[in-house]
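To start, the structure under review is shown below, and the notes come after it.
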Amino acid sequence: MKKITLIIMLCFSFSLFGLSISHTKITSFNIGNSIPLSVKIPEKVKVVLIFYKIGDKVDQYQVRMMKKDKVGNYIYSLDSRTFTAKKLSYHFVYLKGKEYFRYPQTSDITAIGQGQLIKLPVVQKQPKPFPLSISGNFQEQWLISTNDDNSKGEKPTKSGNLTLNGNFTSGNSQINFSTTGNYTPTQTKQYNVSSVLFKYKSGNHDLEVGDLSFQAPDLALSAYGKRGLYYNFSSNKIGIDLFSLSSQQIAGLGLPEKNSMVSGGKFSLKLGSFNIYTFYLSGKDDPTVGQNSSYSFSSVREGSVYAFGFTSTLFNYAVNLNASYFSSNYTKDALSSEKKKDHAINSSISINYKGLSLSSTYKEIGAYYNTVGSSYMSNNQRSAGASFGYTFSKITLSANYSHMESNIAKLDTIPESKTDNFNSSINLNLGKISLGIGYTANKQRTTTNDESSGLSSNMDTSNFTLNLSITPSSHFSWSLSGGKSLNKSLDEKTSYSFNSNMNISIGNFFSLTPSFTYLKEDKKGSISETITSYLSYNLTLIPNAFSLSGSASYNDNKTPGGTMDSKSINASSRLTLSFGWLWNKLSQSSAYVEASYYKTEYTALTNEYYKIYGSILISF
Amino acid sequence: MKRKKNLFFLVLILTIPSLLISITYTPSSPLVGTTVNFRTDNFNYSSGNITWHFGDGTTGTSTGSYGEITHVYKDPGTYTVTAQDTFGYVDETTTITINDDRSITVSSPYQAGKPLTITLVNAKSPPIKWDFGDGAIITGSSTITHTYSNSGTYTIKAYDFNGTSKTPVSKTIKIGNPKTITWTPKEPYEDQKIYFKALYFKGSTLKWDFGDGTIINAPTTTEHTYNDPGIYTIKVYDYSGNDAYPAVSQITVKKDPRSIVVTNPTPGLTEPVIFQALNFFSDNVLWDFGDGTQEVGGPIITHRFRKIGVFTVKAKDYGGNSQKIFETNITVVAQGSHSSSLVISGIELYFTNNNKNYLVVPTGTTNVGAKARIKYEGTGILNAYWAIDGQAYHLINRVLSFGQYVELYLDKIPSLVTGYHTISIVFSSPQPAFEKIPELGLFVSPISKFVNLITPYDKENFALGENINFTWKRYPLALKYGFVIGKDAQSVLKGKEIQRFFVNNPTYSPKISYKIGDKYYWMVEAYDIYNNVIAKSELREFTIVKNIFTIKEKEKNNLIALGDSEFILLNFEITSAKIKKKKYYLIRIFVNNFKANEFVEKGERLKSIETSVKIKKGVENTVKVKIYEIFPDRLKLVSYKLIKL
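These protein sequence lines map, in sequence, to chains A and B. Position 51, counted from 1, in the first sequence is what this note's numbering calls 51; the numbers after and before it change by one each time, with no gaps. All you need for this note's numbering is the position in the second sequence, starting with 1, plus 1000.
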């Protein structure tokens, strides 16, 4: 079909400063054709230029010199085949004398092309992300069949979680928050806000509310994962930390409880290369309110700690110094009015120069030193150590020595021990292969022993280990380690261990992760052996549709005389149908059938059964 | 009329003799086996002997005046008796019916295997030939014993007269299965529950006499326990005892074999003690450990005493329903012969990724770690293992000394299938001095662990100074991203010797000094609020390239100067053997990073470029000419030219 060219030409004359300009305006053109432009200027001009733009996405006009034809018209032809947009804007400029004149005087003449342009790829401009995102998982699993009487009638189990993330930035201020709520049928608290953290940052000010994660002096407070409030101000000279948090991890939306809350702060001042600080903490701790811990003791502890110290980095971070003094006033039973004071010292120096690293530590913790900021504290001890490390080429050498003494307060009811520990290792890193050899010796002497406590008097152990790691590609890795341990005190036991961990994958279609652990203990000819092996695999049968996955474990524990032998085999395989093939938006949802086999043998008792579960998993 | 009277008398006279000649017999209702006396009254006996035909195939001859004769019939029935004289002139006949008073009686019970006493009542002339219907045929007295082996319907036939009678006396009987008493176990012990079953009884309620003084009415199945050993006679009567014939059996009850066996009667605190309920009759034993804990378990059970002292451990069979209690004493000491001095007194479990007990990770994640903080007292060896979903995964064998707590790490939890998983520690020895071991919850979400990159595409080329905008898809769990770029692929993958920029949004244009000819690798990490890397992208590369096409500046002409700007017409010559004639190319000209011109050209026409540029007077202006090959979804830079004006 022959194209009909529709060129609407509007001819008119324009008089500007006495000049009469004639131009046939173009308002439409066919893409692919030439666009002849002509202007007639009856008077003598030096030069006539055409200024044109294609579309609105260029910042400059293109300028071309027009030529005078035989009849005195100035002409120029544009090739619309090269256009990237349908809109053509143009005007003329001519030079008369020393003055330039524009035609039209202010605006452009606009023409719209008809037809198809050469298609350019559309660059998707990403929309500005919504500051909130939500994701979640829900799983329901029900028993289809089993021959285990204890499992028959088992009710369906549900579990799931919901995560809400937020990210707001405005000028110098930024708010981040993240919270995950979960439902787990096997936990004491089935509905739980497993983590929640709100961060506000504005200039030098940081405010965190929720499950905190900040570093505090180690002998005073372990703040990780504990819920509360934290404020930090830091400048080039000073730093201020204030906190109030639960001494234990809290379940649900719980707030710190009265008997399990610590508060305090830290002030630090930078003086040249030295950063000095002072720290204070006070509060109570009730171990029983912790959600993922178990204790054989329960009493509300109460106490306070103050500390001061410094850190320093010298010679361009080559030398690091650290020293802290702690003093506590503590009772392990808040009902008791008797509090005991004691102190602790922690210091270290480290030197790092090229591949060489040297360090030395000294730590002393008084018998009655304790803190409610950390659940566990090893007190009444003193230790000193030194370490050496050197890396050259592909070889790393390391050696550490430490000497520890317990019961430095020489309490009557507690044994006094002195322990010397030495360990050394050589590691060779050849990129895809790394090899390590290690040796550890431990010597403990208990100089006082209350027989009623039943503690061993002495213990000498040594341990030799060999590690090999092979990673020829991202699809295969294998790490092997083996060792021999000698325990010359506890019935002269010799232990042999071997570990193997392997990862095999073929693209995203297949992965296999076998691991194996073997332990043999020889106690004067009385031998016990334990084998633990674990295997997990994943095989994509049809992408986005069917996959097969599972795991299996084998545990064989042989005891001397076979009196307490045990053996267990667990294996499960799962056939998963992903809904992604049905609807792309359901690619993260699936249903599966899982068959499990269990067999345990304990002395003469054997228990063997199978279970088949069905499940649906929805994620977004 | 008179004539008729005479005729009547004549007939009567002629008929009477024949009426008077008859056979008589006594008794009038003879029975089988009895002697029947026959006689005739009208025979002329002088004429000779009388021959008798008794109708049962036998004959006789009589010579008496009335021809008297006796006969015994062996079979019941109606017989025709005939008496004939010698000459055959007189032939008298009569009929006689022989009745039978015999019958067969059979003693109960009619059960297979049980002997039956069978009598032919009123037997006439034993011995009798007996046909029992089960194939057995014998000759014996009128009372005989026979045992049927199988149940069924049988017809007993008795042939009297030493078996010579032709018609037997019959009786049909139905022999059923024998009434039987069975029990389980076959060889029971005292105090052992015995399950009895009565077979082939007809009534629904039976009378059970267990022989130990216990008599009950019960259904066909019941249970009974003998308190003492011995031999007992069990009688079971049908129809609640209305049946006089019980099924009888003898049961031998043996002495109680049960006892408790303990592996270690003097265990240390928390040391496992294995109790075995030896020879117990049921699998459900109520264990009372004497320390305040009770448990219904199997015959082998492990218990750990968490207190020092002497404990009486009791075991009752049948889940505690047995009356008999077995006891043993356990002395728990501070340190047993098998135990160490190590006491585990506390544990805390966390994920190292978030220091919490719950974690959501994308599928395929391998950097999940767990940490256990264990509080202990004493010195010894800790044997335990990390368990995933209860399955043993990794052994722990640590000498614990001097200190009072230790931290154990599980560095890398293997990639697990989607869904909810639990991770915990199972202690082998010593056992912790607390009951519940906490567990960690790990939810593996089907969300991919990959951050999906958008632009630039892998192995794209860029010009020096070109603003490269890196974009990727938003990751659902991410709170911020780390844009990682470096010149070595392994370094970028390992996160070493690279530049890392943290951004909140999934797009970034880093200000980096690139070098022509250098290859760059980049990837994106997704971080959670605790600064953990939760997902990573693939690794992509790009190159800062030299010209693929040669762009040569050919001509430069000043067009016009307006104010402080100047328009210059530039002409470039394009030469390259790599130009694809059929493809389209996009040409962009930038002046001081402003887009001055943009047009498309087919490869076959791409021989030169003409463009005007507006530059500022008196300063150095940068003009870039870029040529892109047009793909349906992207533009690929193939050449550029940088000139200074």
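Each residue gets a CB set at the ideal place from its N, CA and C atoms; glycine is no exception.
Residue i classed as buried or exposed, judged by whether at least 16 other C-beta atoms fall within 10 angstroms
{"i": "Tyr-1584 (chain B)", "result": "buried"}
{"i": "Thr-1139 (chain B)", "result": "exposed"}
{"i": "Ala-1433 (chain B)", "result": "buried"}
{"i": "Ala-307 (chain A)", "result": "buried"}
{"i": "His-475 (chain A)", "result": "exposed"}
{"i": "Asn-1227 (chain B)", "result": "exposed"}
{"i": "Ser-528 (chain A)", "result": "buried"}
{"i": "Tyr-598 (chain A)", "result": "buried"}
{"i": "Pro-1246 (chain B)", "result": "buried"}
Alpha-carbon to alpha-carbon, residue j and residue i
{"i": "Gly-160 (chain A)", "j": "Gly-166 (chain A)", "result": "20 angstroms"}
{"i": "Asn-380 (chain A)", "j": "Glu-601 (chain A)", "result": "44 angstroms"}
{"i": "Tyr-362 (chain A)", "j": "Ile-470 (chain A)", "result": "38 angstroms"}
{"i": "Gly-507 (chain A)", "j": "Tyr-1420 (chain B)", "result": "25 angstroms"}
{"i": "Asn-1621 (chain B)", "j": "Met-66 (chain A)", "result": "26 angstroms"}
{"i": "Ser-1339 (chain B)", "j": "Gly-561 (chain A)", "result": "Note that Ser-1339 (chain B) scores a pLDDT of 45, beneath 50, so its modelled location is shaky; the value from the coordinates is reported in the next line. Looking at the two C-alpha atoms, the distance is approximately 16 angstroms."}
{"i": "Gly-1309 (chain B)", "j": "Asp-1291 (chain B)", "result": "9 angstroms"}
{"i": "Ile-1630 (chain B)", "j": "Ser-473 (chain A)", "result": "36 angstroms"}
{"i": "Gln-1294 (chain B)", "j": "His-1303 (chain B)", "result": "10 angstroms"}
{"i": "Thr-1575 (chain B)", "j": "Ser-1608 (chain B)", "result": "8 angstroms"}
{"i": "Ser-293 (chain A)", "j": "Val-1406 (chain B)", "result": "14 angstroms"}
{"i": "Glu-544 (chain A)", "j": "Leu-143 (chain A)", "result": "Just to set this straight, residue 544 (chain A) is Asn in the shown sequence, not Glu. Using only the alpha carbons, I get a separation of about 25 angstroms."}
{"i": "Ser-378 (chain A)", "j": "Tyr-1376 (chain B)", "result": "10 angstroms"}
{"i": "Asn-1329 (chain B)", "j": "Phe-422 (chain A)", "result": "47 angstroms"}
{"i": "Phe-101 (chain A)", "j": "Val-48 (chain A)", "result": "9 angstroms"}
Candidates the options, of which the one nearest residue i by Cα
{"i": "Asn-150 (chain A)", "options": "A:Tyr-609, A:Ser-328, A:Ile-616, A:Ser-619", "result": "A:Tyr-609"}
{"i": "Thr-184 (chain A)", "options": "B:Tyr-1514, B:Thr-1024, B:Thr-1263, B:Glu-1439", "result": "B:Glu-1439"}
{"i": "Ala-1392 (chain B)", "options": "A:Ser-213, A:Leu-197, A:Ser-533", "result": "A:Ser-533"}
{"i": "Ser-1513 (chain B)", "options": "B:Ser-1065, B:Val-1253, B:Gly-1486", "result": "B:Gly-1486"}
{"i": "Lys-53 (chain A)", "options": "A:Lys-46, A:Phe-326, A:Arg-64, A:Glu-43", "result": "A:Arg-64"}
{"i": "Lys-340 (chain A)", "options": "A:Asp-148, A:Thr-446, A:Thr-371, A:Ser-572", "result": "A:Thr-371"}
{"i": "Ser-1204 (chain B)", "options": "B:Tyr-1628, B:Asn-1284, B:Ser-1165, B:Tyr-1237", "result": "B:Tyr-1237"}
{"i": "Pro-1168 (chain B)", "options": "B:Ser-1103, B:Asp-1458, B:Ile-1587, B:Val-1248", "result": "B:Ser-1103"}
{"i": "Ile-1181 (chain B)", "options": "B:Thr-1233, B:Pro-1632, B:Thr-1153", "result": "B:Thr-1233"}
{"i": "Ile-656 (chain A)", "options": "A:Gly-153, A:Leu-117, A:Leu-164", "result": "The requested residue 656 (chain A) does not occur in the structure, where chain A is confined to residues 1 to 620."}
{"i": "Tyr-390 (chain A)", "options": "A:Met-377, A:Ser-383, A:Ser-357", "result": "A:Ser-357"}
{"i": "Leu-1645 (chain B)", "options": "B:Leu-1635, B:Val-1613, B:Leu-1342, B:Thr-1143", "result": "B:Val-1613"}
Residue-level contact to chain A via CB, residue i, 9 angstroms cutoff
{"i": "Phe-1289 (chain B)", "result": "no"}
{"i": "Gln-1391 (chain B)", "result": "yes"}
{"i": "Ile-1347 (chain B)", "result": "yes"}
{"i": "Phe-1443 (chain B)", "result": "yes"}
{"i": "Ala-1463 (chain B)", "result": "no"}
{"i": "Ser-1337 (chain B)", "result": "Its pLDDT being 47, under 50, Ser-1337 (chain B) is placed unreliably in this model, and the coordinates cannot settle the point."}
Short CB-CB distance (under 9 angstroms) between residue i and chain B
{"i": "Met-459 (chain A)", "result": "yes"}
{"i": "Met-564 (chain A)", "result": "yes"}
{"i": "Ile-118 (chain A)", "result": "yes"}
{"i": "Leu-617 (chain A)", "result": "yes"}
{"i": "Ala-591 (chain A)", "result": "no"}
{"i": "Asn-346 (chain A)", "result": "no"}
{"i": "Ala-220 (chain A)", "result": "no"}
{"i": "Pro-287 (chain A)", "result": "yes"}
Extent of the continuous beta strand (DSSP E) to which residue i belongs
{"i": "Gly-1309 (chain B)", "result": "1309-1316"}
{"i": "Glu-630 (chain A)", "result": "The first residue shown for chain A is 1 and the last is 620, placing residue 630 (chain A) beyond what the model contains."}
Residue i: first and last residue of the uninterrupted alpha helix (DSSP H) it sits in
{"i": "Gln-1490 (chain B)", "result": "1489-1494"}
{"i": "Gly-1163 (chain B)", "result": "1160-1163"}
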